[in-house]
Amino acid sequence: MGRYLNFVFILLVVAGAAAVYDMKLAATKSASHVSELQREIDAEHEAIRLLRAEWSTLNQPDRLQHLVDRYNEYLQLQPLEVKQIVTLDELPPRPVTLEPIGGKEPMSGYAGATAAVIR
């Protein structure tokens with residue numbers, strides 16, 4: 028009886044060791060996946076930082092003024108007037124194009140693709 032009990036305990040120890048090894052392998056795999064994701068996040072942060080720097084460079088007033096002076100004949104830009112600045116309520120409603128709902132005949136459903144104003 029003692030032999031069988033020892034054999035069962037040895038099997039339990041081997042099964043426990045295999046389970047611990049499997050857990051260690053899964054933890055190592057997860058850690059490498061986390062480190063890879065962290066590298067990707069760092070690369071994205073670096074790309075965002077570079078894009079912000081480029082945006083800042085492209086929007087420098089001196090550079091923009093030079094471009095306006097250079098291409099003014101083509102662009103024909105005018106200074107902004109105060110009456111051009113309005114609130115959202117002062118804008119006219121945007122027309123919505125309705126699609127026909129019938130068959131392939133042009134007069135089935137709505138009358139073609141006419142513009143309608145929805146408030």
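So that you can map any letter, position 86 of the sequence shown is 113 in the numbering used here, and since no number is skipped, the others follow by simple counting.
In this text, a Cβ means the ideal position worked out from N, Cα and C, and glycines have one as well.
With Thr124 as the anchor, note down where its alpha helix (DSSP H) starts and where it stops.
Unbroken run through Thr124 is the beta strand (DSSP E), 122–124; no alpha helix (DSSP H).
From Ala70 to Asn86, what does the alpha carbon distance come to, in whole angstroms?
24 Å
By how many angstroms is the C-alpha of Ala45 removed from the C-alpha of Asn33?
Answer to the nearest angstrom: the Cα atoms are 18 Å apart.
Endpoints, alpha helix (DSSP H) assigned at Met50:
Per DSSP, Met50 belongs to the alpha helix (DSSP H) from 29–85.
My output table needs one value for Val113: the three-state DSSP class, helix, strand or coil.
coil
If you run the structure through DSSP and keep just helix, strand and coil, what is Leu104?
coil
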